[in-house]
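What follows is one structure encoded as structure tokens, with my remarks underneath.
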Amino acid sequence: MTIENQSFDVIIVGSGYGGLLPAYQLTQAGFKVLLIERGKAWQRNMFRHSWAPEYLGGLFDISLSTSMKDIYRGSKIFGGGSVMNDKVHHRTPSEAFSFVDPDTKRAAWPSNVHREALNPFYKQVEELLSIHQLSWEEVSRIGGNFARMFADAGLSCDRNNFNVGTGCVHCGFCEAGCQFPGGKLNLVSEVFHLALETGNLEVKVETSVKTVAPVRSGGYEVHCISSDKSYKAPATSTFTAPRVILAAGPIGTVPLLFRSKAHLPKLSSALGKWISNNGDMNFILRTPDSYPDHLGFRSATSTGVMTYAFWDEHHITMHPGMAPIPVFAGVDARREGGLAWGLEHKHFVKKNVVNRLIPVNAMGVVPAEIKMEIDHDGNAKIHHPRTKALEEHANILYRLMKGVCQTVGGELLITGIDGELFDMGGNHILGGARMSEQKSTGVVNPSGEVFDYPGLYVSDASSIPGSLGINPALTIGANAMRIGHELIRSVGGKP
Ligand SMILES: Cc1cc2nc3c(=O)[nH]c(=O)nc-3n(C[C@H](O)[C@H](O)[C@H](O)COP(=O)(O)OP(=O)(O)OC[C@H]3O[C@@H](n4cnc5c(N)ncnc54)[C@H](O)[C@@H]3O)c2cc1C
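Going by this note's numbering, the letters in the sequence shown line up with residues 644 to 1138, in that order.
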């Protein structure tokens, strides 16, 4: 029987953390699930050791803010972010869940969604992906030099928790897709087959959901197009189920709901609001001259260390190595007082890029002040205002990192853009269809169900109410499993 002629209990849109994990739970619990994914299915031998834009363009969904200053990267491949992210999987510290939105003066998170409530689901995701703390032997030299800068400044820095197996060859191309069996352990290699083996899962790849609409007899239909078409193209296939879970990531789910507004007129006005970039700020450090060369980005499992040294006071974490050094160093960085281009900069980069420069990704708990709408083609249009809170966050980070560099003799590089200390784009966009106890401040209730549309759920990063201040994938996955668990229980199933 073709997929078109089958009936399903649940349709899931998107196969990243928010989609594949509930697909696993639901199929194990006996639900018949259709998983629709815009990206391609893949074999490990399709991945390349390349940072060429035309290659990465096949893996990443790239959105530019309306100011053209920030680049946001989502994923567009079967398995979502788990296939091309950097593998850092940490539980969010409990303080982040107590954040109060400065605009509403209300708690950003529903009172029943907090660290303790997520702990059992964190554990499940950690077990499924074999997430564990690295040994120091597995930490790259660049990670070692970063940790040493912190140690020499009297600050702590420890090894990351990674989903990496014994097949890792330490090539450092984790974000280009891992070619090596048993290397990066992603949702496809570790979880997908468990769902498939139940016989309850059907998958449709290279298919984009254009809109979702309620059907009179109950449930929802999803209207699909081939992924190589624009969202303006008419839908070419439709699937129906009593329940639909949207898990297309923030730059997938939020535009999908906007495109569906004519069918879902009671959607909350909170759609496209309370979005954060997780307080991401990206910059480059130069190590002190006395440190050993760190041999660039070539490394064991990218960089492998994380510091919580500033968490207690500032709710900031950071780790080195979120992008290949040549990309960062060449494109948009300058020494203070210097230019981001010209001969002096060229010689500085040439001399330091391989052995002295460390790209760093810092994250913080900041207000969710980004907004999203859609353009004429139905794709994400992102406004990232430079607010007072963001400026304050950047200034604190600047002071902290200047302090570290002054103490140990390193150097902090800032962006080439006037008035912008740090690059504020990134990979950790959260919210836009967030959970809330009230419809006025969220699109879905604490169980992930869209207000006024029973049976329609959002389980991905767009449901996350605020910035986490730490890499979000593990929390997105744990929250998706919490939502899946509640869905199964709500219909009398056994999670
Ligand atoms: C380069 C990079 C590195 C990162 N590194 C880390 C890290 O080390 N640690 C960490 O915690 N986080 C990291 N992240 C972030 C993390 O991967 C994401 O936060 C996470 O994947 C979000 O999960 P999600 O389920 O919301 O969306 P995704 O994982 O992005 O999954 C969404 C899926 O939906 C599909 N989709 C989109 N639109 C449609 C549509 N209309 N129809 C059908 N399918 C659709 C997409 O193709 C995609 O596969 C990184 C992200 C990037 C881009």
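Glycine included, every Cβ here is placed at the ideal spot set by N, Cα and C. This structure is a prediction, so every number in the text was calculated from the model and none was measured.
Residue i beta carbon near ligand 1 (any heavy atom closer than 8 Å)
i: Arg802; result: no
i: Asn925; result: no
i: Arg758; result: no
i: Gly661; result: yes
i: Phe882; result: no
i: His1071; result: yes
i: Thr747; result: no
i: Thr879; result: no
i: Val731; result: yes
i: Arg716; result: yes
i: Arg687; result: no
i: Met727; result: yes
i: Gly657; result: yes
i: Asn1114; result: yes
i: Ile679; result: yes
i: Glu818; result: yes
i: Pro625; result: Residue 625 lies beyond the range of the chain shown here (644 to 1138); nothing can be said about it.
i: Pro736; result: no
i: Asp704; result: yes
i: Ile1119; result: yes
i: Ala890; result: yes
i: Gln963; result: The sequence shown places Pro at residue 963, not Gln. Result no, Cβ not under 8 Å from ligand 1.
Exposure of residue i, with buried meaning 16 or more beta-carbon neighbours within 10 Å
i: Gly786; result: buried
i: Ala695; result: exposed
i: Pro877; result: exposed
i: Gln668; result: buried
i: Ala943; result: Residue placement at Ala943 is poorly supported in this model, since its pLDDT is 49, which falls under 50; the coordinates still yield a value, given next. It is buried - the Cβ of Ala943 has at least 16 other Cβ atoms within 10 Å.
i: Gly722; result: buried
i: Leu1130; result: buried
i: His990; result: exposed
i: Pro1108; result: buried
i: Val1134; result: exposed
i: Ser710; result: exposed
i: Leu986; result: exposed
i: Lys916; result: buried
i: Gly724; result: buried
i: Phe982; result: Note that residue 982 is Leu in the sequence shown here, rather than Phe. So Leu982 ends up on the exposed side.
i: Thr879; result: exposed
i: Pro1138; result: exposed
i: Asp955; result: exposed
i: Asp1061; result: exposed
i: Arg1042; result: exposed
Reference residue i, options the options, closest by Cα
i: Gly947; options: Asn728, His757 and Gln776; result: Gln776
i: Leu1000; options: Ile927, Asp932, Gln1049 and Ile654; result: Ile927
i: His732; options: Leu1130, Asn1114 and Asn1122; result: Asn1114
i: Met1015; options: Met949, Gly895, Gly810 and Glu1080; result: Gly895
i: Asp746; options: Pro1089, Cys821, Arg687 and Pro1010; result: Pro1010
i: Gly1091; options: Pro753, Thr735, Leu839 and Gln686; result: Pro753
i: Glu780; options: Leu761, Asp801 and Asn762; result: Asp801
i: Asp936; options: Ala1123, Ile959, Ser783 and Leu1099; result: Ser783
i: Ile655; options: Leu664, Gln649, Glu647 and Asn648; result: Leu664
i: Ile774; options: Gly825, Asn1088, Ala666 and Lys872; result: Gly825
i: Asn1022; options: Glu647, Lys872 and Ala672; result: Lys872
i: Leu844; options: Leu1099, Gly662 and Met1124; result: Gly662
i: Ala1123; options: Arg1132, Val1101 and Gly1136; result: Val1101
i: Asn788; options: Pro931, Arg758 and Arg691; result: Pro931
i: His906; options: Pro893, Lys853 and Lys875; result: Lys853
i: Ile679; options: Lys827, Gly810, Glu849 and Gly1085; result: Glu849
CB of residue i within 9 Å of CB of residue j, strictly
i: Pro1002; j: Asn921; result: no
i: Leu900; j: Ala1104; result: no
i: Glu1063; j: Arg1029; result: yes
i: Ile918; j: Val887; result: no
i: Gly1059; j: Arg977; result: yes
i: Tyr660; j: Gly1120; result: yes
i: Asn728; j: Leu772; result: no
i: Gly1068; j: Tyr715; result: yes
i: His962; j: Asn803; result: yes
i: Asp923; j: Met1006; result: yes
i: Arg1125; j: Ser870; result: no
i: Thr960; j: Phe793; result: no
i: Ala890; j: Ser658; result: yes
Threshold first: 3 residues or longer. Then list the beta strand (DSSP E) segments lying entirely within the stretch 678-752, N to C. 703-707 and 714-718
Alpha helix (DSSP H) runs contained entirely in the stretch 881-949, provided each spans 4 or more residues: 893-902
Just to confirm the assignment: which complete beta strand (DSSP E) runs, minimum length 3, are found wholly within the stretch 1078-1126? 1099-1101
Jot down the residue ranges of each uninterrupted alpha helix (DSSP H) in the stretch 776-863, minimum 4 residues, whole runs only, in chain order. 784-795 and 836-839
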